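Protein sequence lines, in the order shown, are assigned to chains C and Z. Once you know that position 150 of the first sequence is 150 in my numbering, the rest is easy, because the numbers rise by one and skip nothing. Remember, my numbering sits 426 above the position in the second sequence when you count from 1. Built from N, CA and C at the ideal position, the CB exists for glycine as well. On a predicted model such as this, the values are computed, not experimentally measured, just so you know. The structure appears right after this line, and notes come after that.
2 protein chains.
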Amino acid sequence: MQTVALSPASAPAHRLVETVVTVTDASGVALPDAEITVAQTSHAFAFGNIGFDFIGLANGDDDGAGAGAGSAGAVSERLAELFVDVFNTATLPFYWGRFEPRQGAPDTARLQRTARWFLDRGVALKGHPLVWHSVQPDWLLGLPSREVEQLQRARIRRDVADFEGLVDTWDAINEVVIMPVFDNGDNGITPLARAKGRIPLIRMAFEEARAANPRARLLLNDFDLSSAYECLIEGVLEAGIEIDALGLQTHMHQGYWGEDAMLATVERFARYGLPLHLTETSLVSGRLMPPDIVDLNDFQVADWPSTPEGEARQADELERHYRSLVSHPAVEAITYWGITDDGAWLGAPIGLVRADGTPKPSYHALRRLVKDKWWIAPTTIATDADGRFAVTGFAGGYEVRAGAAASAAFSVSATQRHVTVSLTRA
Amino acid sequence: MQTVALSPASAPAHRLVETVVTVTDASGVALPDAEITVAQTSHAFAFGNIGFDFIGLANGDDDGAGAGAGSAGAVSERLAELFVDVFNTATLPFYWGRFEPRQGAPDTARLQRTARWFLDRGVALKGHPLVWHSVQPDWLLGLPSREVEQLQRARIRRDVADFEGLVDTWDAINEVVIMPVFDNGDNGITPLARAKGRIPLIRMAFEEARAANPRARLLLNDFDLSSAYECLIEGVLEAGIEIDALGLQTHMHQGYWGEDAMLATVERFARYGLPLHLTETSLVSGRLMPPDIVDLNDFQVADWPSTPEGEARQADELERHYRSLVSHPAVEAITYWGITDDGAWLGAPIGLVRADGTPKPSYHALRRLVKDKWWIAPTTIATDADGRFAVTGFAGGYEVRAGAAASAAFSVSATQRHVTVSLTRA
Chain C
1 MQTVALSPAS APAHRLVETV VTVTDASGVA LPDAEITVAQ TSHAFAFGNI
51 GFDFIGLANG DDDGAGAGAG SAGAVSERLA ELFVDVFNTA TLPFYWGRFE
101 PRQGAPDTAR LQRTARWFLD RGVALKGHPL VWHSVQPDWL LGLPSREVEQ
151 LQRARIRRDV ADFEGLVDTW DAINEVVIMP VFDNGDNGIT PLARAKGRIP
201 LIRMAFEEAR AANPRARLLL NDFDLSSAYE CLIEGVLEAG IEIDALGLQT
251 HMHQGYWGED AMLATVERFA RYGLPLHLTE TSLVSGRLMP PDIVDLNDFQ
301 VADWPSTPEG EARQADELER HYRSLVSHPA VEAITYWGIT DDGAWLGAPI
351 GLVRADGTPK PSYHALRRLV KDKWWIAPTT IATDADGRFA VTGFAGGYEV
401 RAGAAASAAF SVSATQRHVT VSLTRA
Chain Z
427 MQTVALSPAS APAHRLVETV VTVTDASGVA LPDAEITVAQ TSHAFAFGNI
477 GFDFIGLANG DDDGAGAGAG SAGAVSERLA ELFVDVFNTA TLPFYWGRFE
527 PRQGAPDTAR LQRTARWFLD RGVALKGHPL VWHSVQPDWL LGLPSREVEQ
577 LQRARIRRDV ADFEGLVDTW DAINEVVIMP VFDNGDNGIT PLARAKGRIP
627 LIRMAFEEAR AANPRARLLL NDFDLSSAYE CLIEGVLEAG IEIDALGLQT
677 HMHQGYWGED AMLATVERFA RYGLPLHLTE TSLVSGRLMP PDIVDLNDFQ
727 VADWPSTPEG EARQADELER HYRSLVSHPA VEAITYWGIT DDGAWLGAPI
777 GLVRADGTPK PSYHALRRLV KDKWWIAPTT IATDADGRFA VTGFAGGYEV
827 RAGAAASAAF SVSATQRHVT VSLTRA
């Protein structure tokens, strides 16, 4: 039996799944010794990026005034092409204070259109975040915690329900470790977190979101990857709160942490048996932020250019970062935090595309991994005497074609190692 | 009615409790207009220190080879006098690896004699610690976690039961935040903590200790006072584990943290509604440890002298530290971590007594607070027409005397504001 296979040298062994495919005609009769072309069409692994920059484009009002943090100005169709060529998941901004700056007037319709725009292009959505102490609406300030809690519960139910089928993955709650002791400005959520305690607040977020969309995949997300997050997770799991995946932020404005440190961190959190999502990943292609900055938001510069040396470093580090993360079986998603430098968080050159719209080396490096090293390009082989062939590649969507017009789609996944496909004429 | 009262300027208002005392003769008849002398005899607040240095003295084998960490060499009776004049609580060392270096041969009898020696001198005991990853017995190494757990459970039950009535306060488990990720040398407890998880391990420690001595006061104790400990505590409380008090370590070898930082920390942990014990307090009277040291144990020097400038600073900081802690209503115990520099932890001059046995200014400063500013010295007044007088002072033990031979003891506490005492002849 002929096999279409990725080289084990190109990818971690545990990512390569062998699937035996029996090819039949439309009536179900196996097609022996048939010349077919096999190709991968998508990744099951979530290669994500923020979709904040495309809200204007998706809504036909590309004025750069998106609902998100950061906007791309004159977002071009070209940037969208670059996005969808590499990324299969987009994080949409549901920062409460920007999503609903005036109470009762949420930005639902625009975000729904944006979600559909991405889905039309084969990109799944993730919502970020349902509960957070930053970027919260000013109209929460001064309200008693009991009232804040009712408003927060209602907002979770409303938005998760409004986006069911469009956004089915959510950061249910963000940065809880620091939440009750956060002291960088007044907000309505910190007093609530302090009054209820971290675990009851997490329970509130997960229960409301779960009730509104039982199919939703719900994450706990944090930037604090110290023992504090471990302690929080252990308390949450002991309390019986159902977490679908753990979110780990890895903003590296102060420099790449290196494979060893990164994998040691991943290993510490993998021991809870939950899938890990690297929810916020960034590497700068310019000078690094000084190491003494504790809250990245405290570093404000007028101009932070992307440099040739920085871009070379970013590309190298990005490839190493993705290779190390994909090498760990617990990791099932990596979301990069910026497609373009135009409007990037903190003004830092963390994008994979320069502000002028041209891709950086990091973009090409990531594309090479996602669509070349870890990807099965169209390959022509013959089925065996029983109409079978095998494919060994990343879990995801594949297609088989015979001639110009007969094709069929199938999935490669660890749960079904033998599939039968019927070629149909388009 | 005449009142014996501490000045509100000398002590935090919430520490001053007014108690009205009716004095009667032995037959219960009130004694009006009687001249009496009122004096405080003890503090309810736990002013503690480590008792490690007195194991040899208490056992009549003062060779300095105590079971504890640090020993005083030729421990003098004078050092004991200095101890009992200020401190009403002693922490005894139950480090498993030193308490039971050979499996099955625990140092029980010596520690029991030491506990009785302290109790005879009016000093209550605390045991430290029942579970810890450091100073664990080498004979645990290499055993499967299941077996380590059984041995650990049995050791808790045995020692808590063996010391019931002698040691009724325990650090049930020590430094759990770092426990499962501790990597400074092999030990049998870290793998157990990693396998069980932090909260189940805490539950194990508390359940075993509670079962062995239902009257015991059981603490969770940690040096990590960051949000990590908050998260751990919240998980433990959510899991329904009954904690009697929270232990906060404050070793300040790298310099005094200051009142504001200290009270902010106390306030963060006070919000759980549990009493706070400052379990391990130290301030150096010599040069400070460099600020870049993370694990204090990593700083090893051959000679670390106490200096006149350092002693003046230590005395000033110690008084400020105790005043700020006693000002917070949640704090009910402060244990200093060293009576003498001779054999002090890390060789640091953190003692209140120099290695030559002479008290430092810090000793006098603390004694002045505990036995002068916060203490009611013998005061002669008259009872009123109903045989009453009032006392306003720290909670604790008091006595009233009439003449040379008639006396009675009573307590001042927030729970009973009116007491009747019958004078009896000695």
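- Partner residues in the beta bridge of Leu283 (chain C), as assigned by DSSP, are C:Met252.
- For the pair Asp171 (chain C) and Glu633 (chain Z), the Cα-to-Cα distance works out to about 36 Å.
- In this structure, Val331 (chain C) lies away from Val86 (chain C), with their beta-carbon atoms at least 8 Å apart.
- Our two residues, Val510 (chain Z) and Leu792 (chain Z), have alpha carbons roughly 13 Å apart in a direct line.
- Rounded to whole angstroms, the separation of the alpha carbons of Trp304 (chain C) and Ala348 (chain C) is 6 Å.
- Residues of the same chain with a CB within less than 7 Å of the CB of Ser502 (chain Z), apart from the 5 flanking positions on each side, are Gly783 in chain order.
- In the DSSP annotation of this structure, the continuous segment of the beta strand (DSSP E) that includes Pro519 (chain Z) starts and ends at Thr515 to Pro519.
- The beta carbon of Leu232 (chain C) sits closer than 8 Å to some beta carbon of chain Z.
- Contact between Thr91 (chain C) and Gly48 (chain C) is confirmed by a C-beta separation of about 6 Å, below the 8 Å threshold.
- Secondary structure of Ala470 (chain Z) (DSSP, three-state): coil.
- In the three-state reduction of the DSSP assignment, Val84 (chain C) falls in the helix class.
- Judged by DSSP in its simplified three-state form, Ile760 (chain Z) adopts strand.
- DSSP links Gln416 (chain C) through a beta bridge to C:Ser413.
- Three or more Cβ pairs drawn from the segment 578-596 of chain Z and the segment 538-555 of chain Z lie within less than 8 Å of each other, which places the two stretches in contact.
- Close to Ser134 (chain C), with beta-carbon spacing below 9 Å, lies no residue of chain Z; the smallest spacing is near 16 Å.
- A Cβ-Cβ separation of about 7 Å places Asp222 (chain C) in contact with Gly247 (chain C) under the 8 Å criterion.
- Distance from the CA atom of Val177 (chain C) to the CA atom of Ala228 (chain C), rounded to whole angstroms, is 7 Å.
- According to the DSSP assignment, Thr733 (chain Z) belongs to no beta strand (DSSP E), since it is labelled neither H nor E.
- Of all residues in the segment 587-612 of chain Z, only Val603, Ile604 and Val607 place a beta-carbon less than 7 Å from a beta-carbon of chain C.
- Taking C-alpha positions only, Ile667 (chain Z) is separated from Glu601 (chain Z) by approximately 17 Å.
- Every beta strand (DSSP E) stretch that sits fully inside the segment 770-848 of chain Z and reaches 3 residues is listed by chain position as 805-808, 814-819, 822-828, 832-838 and 844-848.
- Cβ neighbours of Phe695 (chain Z) within its own chain (closer than 7 Å, five residues either side excluded): Leu672, Leu674 and Leu702.
- Out of Z:Asn514, Z:Leu577, Z:Gln576 and Z:Gly568, the CA that lies nearest to the CA of Gly548 (chain Z) is found in Z:Asn514.
- Close partners of Glu664 (chain Z) in chain C (Cβ separation under 8 Å): Gly197, Ile199, Pro200, Gly235, Glu238 and Ala239.
- Taken through DSSP and simplified to helix, strand or coil, His440 (chain Z) comes out as helix.
- Distance from Thr809 (chain Z) to Leu457 (chain Z) at the Cβ level is roughly 6 Å; contact confirmed, criterion being Cβ atoms closer than 8 Å.
- With a 10 Å radius around the Cβ and a threshold of 16 neighbouring Cβ atoms, Val23 (chain C) comes out buried.
- Closer than 8 Å to the CB of Ala124 (chain C) there is not a single CB belonging to chain Z.
- Residue contact with chain Z for Ser227 (chain C): present (Cβ-Cβ distance below 8 Å to some residue of chain Z).
- In chain order, Val607 make up the part of chain Z whose C-beta sits under 7 Å from the C-beta of Arg268 (chain C).
- Selection C:Glu81, C:Gly343, C:Val294 and C:Tyr363 evaluated against Glu317 (chain C) yields C:Tyr363 as nearest (Cα-Cα).
- Using a Cβ distance threshold of 8 Å, Gly397 (chain C) and Ala409 (chain C) count as a contacting pair.
- Between Val135 (chain C) and Trp96 (chain C) the beta-carbon gap is near 7 Å, inside 8 Å, which marks them as a contact.
- Asp341 (chain C) has its alpha-carbon roughly 43 Å from the corresponding atom of Val21 (chain C).
- Counting along the chain, no beta strand (DSSP E) covers Val148 (chain C); the unbroken alpha helix (DSSP H) around it starts and ends at Ser145 to Asp162.
- In the three-state reduction of the DSSP assignment, Val326 (chain C) falls in the helix class.
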